[in-house]
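Colleague:
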Amino acid sequence: MSQPAIFSVSDVARRPRRTLVPGVGTALDSARGYLTESADAPTPALRYVNAHLAALRTAAAVLAQRADPGAKQGRARGPRSAWELLPAAAPELHEWALYFAAGAAKRAAAEAGLGPAVTAEQADVLLNDARAFLAVVESLLGCGPLRRTG
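Sequential numbering from 397 applies to the sequence shown in the numbering used here.
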């Protein structure tokens, strides 16, 4: 799902930095860590798993920032994935949510070591897409790349 840039660097530079709710910076930092682990992974399966986890942490940042604290949780439905919740919090990320949700079963198979769950090409594509998703979310949240402090 490699997509063209939605925002230019000049668009992002003109936007004021927003105040992030607690946990957003941590989730984005975690996503960057998973991207690094993915890029350094010795196998396609591990690369795919870490890239998918990076995307999941990126989605968690959006949910933390935009979730409506007064919204009903819908306990009767049971637990819902970040990919199910993301379109309500950020409709502009609906296609990304569908894309990464479609890869969740493949990630689970790769984590479980069920045969050759993913190819090197699939892992590389997912890594690139997870990087793009993080960049889109950073622009959307108006925070840009955050620097690790320790």
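Quick reminder that beta carbons are idealized off the backbone N, C-alpha and C, glycines included.
For clarity, every value in this text was computed on a predicted model and none was experimentally measured.
Grouping DSSP H, G and I as helix and E and B as strand, with all else coil, what is Ala-486?
Modeller: Coil.
Colleague: Among Ala-497, Thr-422 and Ala-506, which has the Cα closest to the Cα of Arg-443?
Modeller: Selected option, being the one with the closest Cα: Ala-506.
Colleague: Confirm, please, whether the CB-CB distance from Leu-537 to Val-420 is below 8 Å.
Modeller: A contact, by the Cβ cut-off of 8 Å.
Colleague: For Ala-457 versus Val-532, is the C-beta distance shorter than 8 Å?
Modeller: Result no, Cβ atoms of Ala-457 and Val-532 do not sit closer than 8 Å.
Colleague: Roughly how many angstroms separate the alpha carbons of Leu-522 and Ala-504, rounded to a whole number?
Modeller: Between Leu-522 and Ala-504, the C-alpha separation is close to 14 Å.
Colleague: Of the choices Thr-432, Pro-440, Gly-429 and Pro-475, whose alpha-carbon is the least far from that of Gly-509?
Modeller: Ranking Thr-432, Pro-440, Gly-429 and Pro-475 by Cα distance to Gly-509 puts Pro-440 first.
Colleague: Grab me the residues of Gly-372's own chain with a C-beta within less than 7 Å of its C-beta, minus the 5 sequence neighbours each way, in chain order.
Modeller: Residue 372 is absent from the structure shown; the chain starts at 397 and stops at 546.
Colleague: Only counting runs of 4 or more residues, tell me where the alpha helix (DSSP H) segments fall wholly within the region 423-464, in order along the chain.
Modeller: Qualifying alpha helix (DSSP H) stretches, in chain order: 440-462.
Colleague: Can Ala-485 and Arg-462 be called in contact, C-beta distance under 8 Å?
Modeller: Yes, the pair counts as a contact, with Cβ atoms nearer than the cut-off.
Colleague: At the level of alpha carbons, what is the spacing between Pro-460 and Leu-482?
Modeller: With the sequence shown as reference, residue 460 is identified as Ala, and Pro is not the correct amino acid for it. Cα to Cα, Ala-460 sits roughly 10 Å from Leu-482.
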